[in-house]
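Worksheet: one structure, shown below.
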Ligand code: ZN
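Residue numbers (the numbering used here): 116 to 252.
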């Protein structure tokens, strides 16, 4: 399997300090644009206060609950980072910067209830998600 590094970028405009956005349809559009038929795509978040994850997309309350639970995980310790956004860096580290998603027949192969989420922890900002096709070569 030889990865083909034709990167596509999607811009994500966040509107709150902390927000989890469903980007599934936008990623699907990129899969179509890149012409990935069977294989996978690598998604990478090039930011230190944001992240990517996959979770339930049917009920938007799940996103809000995950957001609240992540906020509750931030410990009450004296952070040293002078920028003041250490809770956002911590949440980004917990969730991680990348995903590998399978593609079958030109479609993201996700479970019935799954969606692709962009997680903002220090917004609002304009963010990027880099998407690379991983296809059999
Ligand atoms: Zn910082």
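Here a beta-carbon is modelled for each residue, glycine too, at the ideal position from N, C-alpha and C.
Shortest alpha-carbon distance to residue i belongs to which of the options?
i	options	result
residue 162	239, 223, 207	207
residue 152	219, 228, 244	219
residue 248	144, 170, 155	155
residue 142	189, 187, 123, 129	123
residue 213	145, 157, 131, 127	157
residue 170	187, 125, 137	137
residue 121	148, 174, 197	148
residue 217	246, 192, 199, 198	246
residue 159	197, 196, 125	125
My output table needs one value for residue i: the three-state DSSP class, helix, strand or coil.
i	result
residue 233	strand
residue 128	strand
residue 173	coil
residue 144	helix
residue 168	strand
residue 241	strand
residue 116	Any reading at residue 116 needs caution, since the residue's pLDDT is 46, under 50, leaving its predicted position unreliable; the model's value is listed next. Residue 116 falls in the coil class under three-state DSSP.
Since residue i and residue j should fall inside the 8 Å C-beta cutoff, what is the C-beta to C-beta distance between them, to a whole number of angstroms?
i	j	result
residue 164	residue 204	6 Å
residue 258	residue 225	Any question about residue 258 goes unanswered here, given that the chain covers just 116 to 252.
Taking 8 Å as the limit between beta carbons, can you name the residues of its chain near residue i, skipping five residues before and five after?
i	result
residue 210	166, 167, 168, 185, 234
residue 228	171, 172, 173
residue 130	238, 239
Identify, in the order they occur along the chain, each residue of the same chain with its Cβ nearer than 7 Å to the Cβ of residue i, setting aside the five sequence neighbours on each side.
i	result
residue 201	194
residue 134	235, 238
Leaving out five residues before and five after residue i in sequence, what residues of the same chain have Cβ atoms less than 6 Å from its Cβ?
i	result
residue 230	137, 139, 172
residue 215	155, 157
Where in the region 176-224 do unbroken runs of the alpha helix (DSSP H), each at least 4 residues long, occur, reported from the N-terminal end onward? Correct list: 201-210.
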